[in-house]
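**Student:**
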Amino acid sequence: MAATTNAGHVNINSDLGESFGPWVMGNDTEVLKIVTSANVACGFHASDPVVMMDTVKLCAQNGVSIGAHPGFADLQGFGRRVINLTIKELEANIAYQIGALQAIAALHGMKVTHMKPHGMMANMSAESPEMSEAIARATRAVDRDLIFLAQANTEQGKAARKHGLRVAEEVFADRTYTDAGFLTPRKEANSMIKDPAKAVEHVRRMVDEQAIYSTSGKRIPCQVDSICVHGDGPTAVTVSKAVREGLEAAGIRIVPLPEMPSLRP
Numbered sequence: 055m056a057a058t059t060n061a062g063h064v065n066i067n068s069d070l071g072e073s074f075g076p077w078v079m080g081n082d083t084e085v086l087k088i089v090t091s092a093n094v095a096c097g098f099h100a101s102d103p104v105v106m107m108d109t110v111k112l113c114a115q116n117g118v119s120i121g122a123h124p125g126f127a128d129l130q131g132f133g134r135r136v137i138n139l140t141i142k143e144l145e146a147n148i149a150y151q152i153g154a155l156q157a158i159a160a161l162h163g164m165k166v167t168h169m170k171p172h173g174m175m176a177n178m179s180a181e182s183p184e185m186s187e188a189i190a191r192a193t194r195a196v197d198r199d200l201i202f203l204a205q206a207n208t209e210q211g212k213a214a215r216k217h218g219l220r221v222a223e224e225v226f227a228d229r230t231y232t233d234a235g236f237l238t239p240r241k242e243a244n245s246m247i248k249d250p251a252k253a254v255e256h257v258r259r260m261v262d263e264q265a266i267y268s269t270s271g272k273r274i275p276c277q278v279d280s281i282c283v284h285g286d287g288p289t290a291v292t293v294s295k296a297v298r299e300g301l302e303a304a305g306i307r308i309v310p311l312p313e314m315p316s317l318r319p
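All the letters of the sequence shown, read from the start, carry residue numbers 55 to 319 under our numbering.
1) CB-CB under 6 Å to alanine 56, same chain, minus the five flanking residues each way: which ones, in chain order?
2) Could you give the DSSP three-state label for cysteine 113: helix, strand or coil?
3) Who are leucine 203's beta bridge partners in DSSP?
4) What's the C-alpha gap between alanine 92 and asparagine 81?
5) If distances are taken between C-alpha atoms only, which option among Lys252, Pro171, Ala265 comes closest to glycine 235?
6) How far does the alpha helix (DSSP H) with alanine 265 in it reach, from first residue to last?
7) Write down every uninterrupted run of the alpha helix (DSSP H) in the stretch 76-141 whose length is 4 residues or greater and which is fully enclosed by it, in chain order.
8) Terminal residues of the continuous beta strand (DSSP E) containing asparagine 177?
9) If you follow the alpha helix (DSSP H) that serine 73 is in, where does it begin and where does it stop?
10) Does the structure place the stretch 97-109 close enough to the stretch 292-305 that three or more beta carbon pairs sit under 8 Å?
11) Output the boundary residues of the beta strand (DSSP E) element that contains valine 390.
12) Which one of Leu86, Ser73, Leu139, Gly117 has the shortest CA to CA distance from cysteine 282?
13) Taking the CB atoms as reference points, tell me whether valine 118 and proline 275 lie closer together than 8 Å.
14) Measuring straight from C-alpha to C-alpha, what distance separates methionine 178 and asparagine 67?
15) Relative to the alpha-carbon of threonine 90, which residue among Val221, Asn65, Glu242 has its alpha-carbon at the smallest distance?
16) Run the CB neighbour count on arginine 220, radius 10 Å, all protein chains shown included, and call it buried at 16 or more, exposed below.
17) Which first and last residues belong to the alpha helix (DSSP H) in which arginine 215 is found?
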């Protein structure tokens with residue numbers, strides 16, 4: 055489906071609800087005052103039912119739209135290790151996790167409005183048509199109105215459009231890119247942007263030019279619907295706040311995903 059213009063609008067999202075029992079990850083309370091959409095962990099790579107419920111409640115209090123953030127069943131590795139699922143297993147994993155968050159959201163009268171794969175599942179599917187199609191099929195089967203929050207210019211968006219889903223193209227405020235347009239692997243020293251001023255410059259350039267720039271300076275045109283800021287790490291709140299303030303200072307309106315002009319039903 056063709057995208058319409060998003061001139062003057064952008065979404066800011068973050069991966070949240072990633073604590074587990076008494077173990078706390080990130081600063082969700084503060085980040086949810088900054089972002090407009092949350093990707094909530096669904097219990098496989100992180101989280102548990104109570105954390106999910108508390109995160110949904112915080113989203114409701116802050117007017118933040120809710121997305122399912124399914125990942126590999128890998129609590130020890132935080133979903134960042136390679137797991138080679140069959141297509142059948144992947145579809146079942148996606149449907150199971152979206153359904154779990156839908157049930158939790160219902161406890162607070164909220165609705166899940168998007169889906170974004172997590173970690174290694176996201177990185178693998180970005181390059182794999184088969185994985186992306188499995189994720190898109192499962193997502194559409196659960197709720198055909200869900201928005202697929204996809205890494206920009208990857209197989210994810212192609213698969214989602216093929217299966218009739220609305221697609222939000224996502225770039226990252228605090229991550230760098232390779233010449234192929236993929237995220238720089240976290241094991242590399244230059245994979246993260248921790249300086250708030252550099253993150254703002256990075257984001258403004260992507261939004262203004264509708265393009266990704268690699269670490270070598272290569273320009274890769276793309277549609278920029280959503281900016282991801284990470285909720286974990288010591289600089290998360292500072293970087294997230296700076297990015298939002300930098301965009302608003304440029305006259306750009308920050309909205310939840312369902313309110314993006316190109317994504318409205």
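Glycine included, C-beta positions come from ideal geometry on N, C-alpha and C.
**Tutor:** Taking the definition as stated:
1) Bear in mind that the predicted position of alanine 56 carries a pLDDT of just 41, short of 50, making it unreliable; the figure below should be weighed with that in mind. Cβ neighbours of alanine 56 beyond the five flanking positions: none.
2) helix
3) Ala222
4) 13 Å
5) Ala265
6) Unbroken run through alanine 265 is the beta strand (DSSP E), 265-267; no alpha helix (DSSP H).
7) 82-85, 103-116
8) Counting along the chain, asparagine 177 falls outside any beta strand (DSSP E), though it belongs to the alpha helix (DSSP H) covering 173-181.
9) No alpha helix (DSSP H) holds serine 73; DSSP gives it neither H nor E.
10) no
11) The structure shown does not extend to residue 390, since the chain is modelled only from 55 through 319, so no value can be given for it.
12) Leu86
13) no
14) 21 Å
15) Asn65
16) buried
17) 209-216
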